[in-house]
Ligand SMILES: Cc1ncc(COP(=O)(O)O)c(C=O)c1O
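Residue numbers (this note's numbering): 110 to 554.
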């Protein structure tokens, strides 16, 4: 078993003096306490005993109706018999792996992948194969090459795990043509796909894209949803939509894991949905997170050195930053925490094989605008110091000085002097597009 880098980090970053961009936290302070109070009051008065009782392993029908509403909002149809209510979306990843993976089986996922999936796959001893991404999400051409190679070796992946929309950690979205092709590949090769979609409704610009499940009709695509980012992670409610025979196996796994999902929080969701404000709340969250995303993109443009690249998410909670390869973001995190009280997730947490060492994931939903600007300024400072240090050391080593005499490497000089990622075999240095230089207006503020 491997420890989850993120869970370890949460302990340190909980210190009040730390500005943390490390968690994947939605801003729960926006949930009205009066709504919380009225819902729990109603439960106390009308259904206290059943809220405190065990429930069916597959979840309550009323909860499934709420889930069907959420899925319909994203263009999917789900019948109650297609659904199993889980203890968060995280449990779906665990149960699907538990159901399908024997030690040594291949699981395919993106590079980088959701850091919380890494310890799950490693605990079932999966052989994880990661497929590179670009600004349009997973490279489906590379996926096909990989599937052919595995096929030639007589190895059949158990499933492809993907976060196609506003990916955690990279923030990128799988394009419409790639979605179509992925679903075709699944059908052609009879390959299961686990679509993990916590962020689909958190879109800040652009047109929604059909989820993989909507394209495939739920034949090869298993779908993971969660209330964590559209309501609150503290209620620990997620779900899986899957074909009947698969769902039956997953249900056996869940019986063994925790018998059933909390009756209390399922009732909370049912009553919350009955109030009819859930869409308005998601809309408010989108307005808030759009503003924070823009604040972070602007701060990155202002405070990060020109050698850094970062993604421009149209939704979700994360920006992925790629730094020059000589920077180790685990070391950088130690320095940032120790000297500047600021935290992020080092990119290596999103890989199974130690790659991603010069990248970082930044979360923009949980900090205030002021904290975002200050935190990015502090990280920019430590990054710039590392780059200057490297420049000084490499000049000393090679006895050469840049003509300009400036401390840091210029972006162009660096690009010229270092080999392209492919030439160097550095598959982890994903070249996501850099945000254009102009400052964004304060949208939504
Ligand atoms: C891609 C992805 N999948 C699953 C989860 C797990 O979410 P939860 O268990 O809170 O539903 C997260 C949480 O951040 C996530 O980002």
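From the three backbone atoms N, C-alpha and C, an ideal C-beta is built for every residue, glycine too.
If you're wondering where the values come from, they're calculated on a predicted model, not measured in any experiment.
By Cβ distance, which residues of its chain are closer than 8 Å to residue 267, with the 5 residues on each side in sequence left out?
Once the five neighbours on either side are set aside, the close Cβ partners of residue 267 are 209, 210, 214, 215, 216, 235 and 301.
With 16 other CB atoms within 10 Å as the buried threshold, where does residue 175 fall?
Buried, because 16 or more other Cβ atoms sit within 10 Å of the Cβ of residue 175.
Hey, residue 289 and residue 324 are a contact pair by Cβ (cut 8 Å); roughly how many whole angstroms apart?
Contact between residue 289 and residue 324 holds: their C-beta atoms lie close to 6 Å from each other, under 8 Å.
For the structure I just gave you, are there three or more beta carbon pairs, one from the region 366 to 381 and one from the region 336 to 349, closer than 8 Å?
Touching, per the Cβ criterion.
Can you list, in chain order, every residue whose CB sits closer than 5 Å to a heavy atom of ligand 1?
Here the list is 133, 197, 198, 199, 223, 272, 277, 305, 307, 335, 337, 342 and 347.
Please classify residue 162 as buried or exposed, where buried requires at least 16 other C-beta atoms within 10 Å of its C-beta.
Counting the other CB atoms within 10 Å of its CB gives residue 162 a total below 16, which places it among the exposed residues.
May I have the straight-line CA-CA distance separating residue 474 from residue 402, to the nearest angstrom?
Residue 474 and residue 402: Cα-Cα distance of roughly 7 Å.
Do residue 189 and residue 429 have their beta-carbon atoms positioned less than 7 Å apart in this structure?
No, these two residues do not count as a Cβ contact at 7 Å.
For residue 145, count neighbouring C-beta atoms within 10 Å of its own C-beta (all shown protein chains included) and say buried if the count is 16 or more, exposed if not.
Residue 145 is exposed by the Cβ-count criterion.
What did DSSP end up calling residue 154 once you bin it into helix, strand or coil?
Of the three classes helix, strand and coil, the one that applies to residue 154 here is helix, per DSSP.
Taking DSSP as the reference, what is the three-state secondary structure of residue 265?
If DSSP states are grouped into helix, strand and coil, residue 265 belongs with coil.
With distances taken between CB atoms, is the gap from residue 375 to residue 152 smaller than 7 Å?
The answer is no: Cβ separation not under 7 Å.
Simplified DSSP state of residue 180, which is helix, strand or coil
Correct three-state label for residue 180: helix.
For residue 308 versus residue 425, is the C-beta distance shorter than 7 Å?
Yes; because the gap between Cβ atoms is below 7 Å, this pair is in contact.
Return yes when the Cβ of residue 455 is within less than 7 Å of the Cβ of residue 442, no when it is not.
A contact, by the Cβ cut-off of 7 Å.
Once you ignore the five residues that flank residue 125 on each side, which residues in its own chain have a CB closer than 6 Å to its CB?
Taken in chain order, the list of residues that qualify is empty.
Nearest-angstrom beta carbon gap, residue 168 and residue 194 [assumed within contact, 8 Å]:
Indeed, because the Cβ distance is near 2 Å, the residues count as touching under 8 Å.
So is residue 303 buried or exposed if we call it buried at 16+ other beta carbons inside 10 Å?
Residue 303 comes out buried.
Taking the alpha carbon of residue 343 as the point to measure from, which residue in 495, 177 and 196 has its own alpha carbon closest?
The residue with the shortest Cα to Cα distance from residue 343 is 196.
Return the Cβ separation of residue 184 and residue 341 in integer angstroms, given the expectation that the two are a contact with Cβ distance under 8 Å.
With a Cβ gap of about 24 Å, residue 184 and residue 341 do not count as contacting.
Between residue 339 and residue 227, how many whole angstroms is the CB-CB distance? I'm expecting something under 8 Å.
That belief does not hold up - the Cβ atoms of residue 339 and residue 227 are roughly 24 Å apart, past 8 Å.
Terminal residues of the continuous alpha helix (DSSP H) containing residue 199?
Here the alpha helix (DSSP H) through residue 199 covers 197 to 209.
Apply the 10 Å Cβ neighbour rule to residue 187 and answer buried if 16 or more other Cβ atoms are within range, or exposed otherwise.
Buried.
For the region 479 to 499 against the region 134 to 148, are there 3 or more C-beta pairs whose distance is under 8 Å?
Per the Cβ contact rule, the region 479 to 499 is not in contact with the region 134 to 148 (fewer than 3 Cβ pairs under 8 Å).
When the distance is taken between beta carbons, is residue 220 closer than 7 Å to residue 239?
Against a cut-off of 7 Å, the Cβ pair of residue 220 and residue 239 comes out as a contact.
Give the straight-line distance between the Cα atoms of residue 313 and residue 502, rounded to the nearest whole angstrom.
One C-alpha to the other measures close to 43 Å.
Would residue 461 pass as a contact of residue 237 if the rule is Cβ separation under 7 Å?
Yes; because the gap between Cβ atoms is below 7 Å, this pair is in contact.
Starting from residue 416 and walking both ways along the alpha helix (DSSP H), at which residues does that stretch end?
Counting along the chain, residue 416 falls outside any alpha helix (DSSP H), and DSSP gives it neither H nor E.
Give me whichever residues DSSP pairs with residue 472 in a beta bridge.
Under DSSP, residue 472 forms a beta bridge with 427.
Using three-state DSSP, classify residue 125 as helix, strand or coil.
It is coil, neither helix nor strand.
Rounding to the nearest angstrom, what Cα-Cα distance links residue 521 and residue 418 in this structure?
With a pLDDT of 34 at residue 521, under the threshold of 50, the predicted position of this residue should be treated as unreliable, though the coordinate-derived value follows. Computed Cα separation, rounded: 13 Å.
Along the chain, where does the alpha helix (DSSP H) containing residue 360 start, and where does it finish?
First-last of the alpha helix (DSSP H) with residue 360: 353 to 367.
State the Cα-Cα distance for the pair residue 329 and residue 206, rounded to the nearest angstrom.
Take the alpha-carbon of residue 329 and the one of residue 206: they are about 16 Å apart.
Strand pairing of residue 301, partner residues [DSSP]:
According to DSSP, which records beta bridges pairwise, residue 301 is partnered with 268.
I'd like to check one pair, residue 292 with residue 321: are the Cβ atoms closer than 7 Å?
Taking 7 Å as the Cβ cut-off, residue 321 and residue 292 qualify as a contacting pair.
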